[in-house]
Amino acid sequence: MWAELRDLREEIDVGTPPRNGVEVALTIDGLAVQVPSGSSIMLAAAKAGQSVPKLCATDTLEPFGSCRVCLVEIEGRKGFPASCTTLVEEGMVVKTQSDDLQKLRKGVLELYLSDFPEQDIEGGWSEFHETLKQCGVTSHPYRKGDNHQDAPVDESNPYFLFDPAKCIVCSRCVRACEEIQGTFALTISGRGFESQVAAGENHSFFESECVSCGACVQTCPTQALVEKSLFEGGYQRG
Ligand code: SF4
Ligand code: FES
């Protein structure tokens, strides 16, 4: 089943949508590249053949900048900006790989992993798993604390289910619902640890305004939203 999913997602996702504008020249990891103004550094990196790890970004949706996995270094700038929401500038010199970046990405991914079903860390497949692999993260150093691993699965929709234990609250489903379908059926409710995907107020997916277009399932990077048809004999976490 995971192999089928992998085949479906074979195409390269450059992270943010293409733009039309005058060409801007910059350097990514020592490679000269030109992209239209208004493009993200992430897109320029993809054009230069450098893949920046990402979770909340995808080239079918506007960038959001919430996961902090795609950080880069820019010569002359302090800090580590997100490459999905930072736009290219003429003459920019960008690094997508360094020891500091590796440490930062690892820290962020380990936190996500600490609230992900343990039995699905190895052997599963999703964009999340691919990003973990890309950053060399296979485990996390945290003890079992508060988590979402016992949250009930919403199987109310006839075509897909939602497993909150696998949700990293990247908001891609919410944005796909708005930007692709224009339905506004989904939202992120709560704050901090309480943040979760909600289909309307205290509604199941079936009772909500969801029209089952599948845009949310298509974009989910963790398989928290996943087609039911993939699970013969019923869904089991892991
Ligand atoms: S259900 Fe999937 S797409 Fe939606 S917020 Fe959770 S991980 Fe992201
Ligand atoms: S991919 Fe850039 S912040 Fe998530």
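Letter 37 of the sequence shown, counting from 1, is numbered 139 in my numbering, and no numbers are missing.
For glycine and all other residues, C-beta sits at the position ideal for the given N, C-alpha and C.
Measuring CA to CA, which of N122, C158 and G132 is closest to V141? Note that residue 141 corresponds to Ser in the displayed sequence, not to Val. The residue with the shortest Cα to Cα distance from S141 is N122.
Closer than 6 Å to the ligand FES: residues, by C-beta to nearest heavy atom, in chain order: Answer in sequence order: K156, L157, C158, A159, G167, S168, C169, R170, V171, C172, A184 and C186.
Should R207 be listed as close to the ligand SF4, given that the test is whether its C-beta is under 7 Å from any heavy atom? For the ligand SF4, not one heavy atom lies less than 7 Å from the Cβ of R207.
Residues in its own chain within less than 7 Å of V171 by CB, not counting five upstream and five downstream? Annotation for V171: P155, K156, L157, R207, V210, L211 and T233 place their beta carbon closer than 7 Å to its own, counting only its chain and skipping 5 residues before and after.
Given a cut-off of 8 Å on the beta-carbon distance, is the pair D256 and S306 in contact? Yes, the pair counts as a contact, with Cβ atoms nearer than the cut-off.
Rounded to a whole number of angstroms, what is the C-alpha to C-alpha distance between Q199 and T324? Between Q199 and T324, the alpha-carbon positions lie close to 24 Å from each other.
So is M194 buried or exposed if we call it buried at 16+ other beta carbons inside 10 Å? Answer is buried; the Cβ neighbour count reaches 16.
How long is the line joining the alpha carbons of L163 and E191, rounded to whole angstroms? The straight-line gap from Cα to Cα measures roughly 22 Å.
Are there 16 or more other CB atoms within 10 angstroms of the CB of F262, so buried, or fewer, so exposed? Buried.
When you measure from the CB of A326 to every non-hydrogen atom of the ligand SF4, does any distance come out below 7 Å? At least one heavy atom of the ligand SF4 is nearer than 7 Å to the Cβ of A326, so yes.
In the region 139-223, which residue ranges form an unbroken alpha helix (DSSP H) of at least 4 residues, counting only runs that do not cross its ends? Counting only runs of 4 or more, we get 143-149 and 201-215.
Smallest Cα separation from R293: which of M144, A150 and V271? For R293, the closest of M144, A150 and V271 by C-alpha to C-alpha distance is V271.
Endpoints, the alpha helix (DSSP H) within which Q236 is located: For Q236, the uninterrupted alpha helix (DSSP H) segment begins and ends at E229 to Q236.
N-terminal and C-terminal residue of the beta strand (DSSP E) that Q298 is part of: Q298 to A300 is the extent of the beta strand (DSSP E) around Q298.
Boundaries (first-last residue) of the alpha helix (DSSP H) holding T321: Segment A317 to T321, the alpha helix (DSSP H) holding T321.
Examine the ligand SF4 and report whether any of its heavy atoms sits within less than 7 Å of the Cβ of I130. Relative to the non-hydrogen atoms of the ligand SF4, the Cβ of I130 never comes closer than 7 Å to any of them.
Comparing the CB of S273 with every heavy atom of the ligand SF4, is any distance shorter than 7 Å? Distances between the C-beta of S273 and the heavy atoms of the ligand SF4 include at least one below 7 Å.
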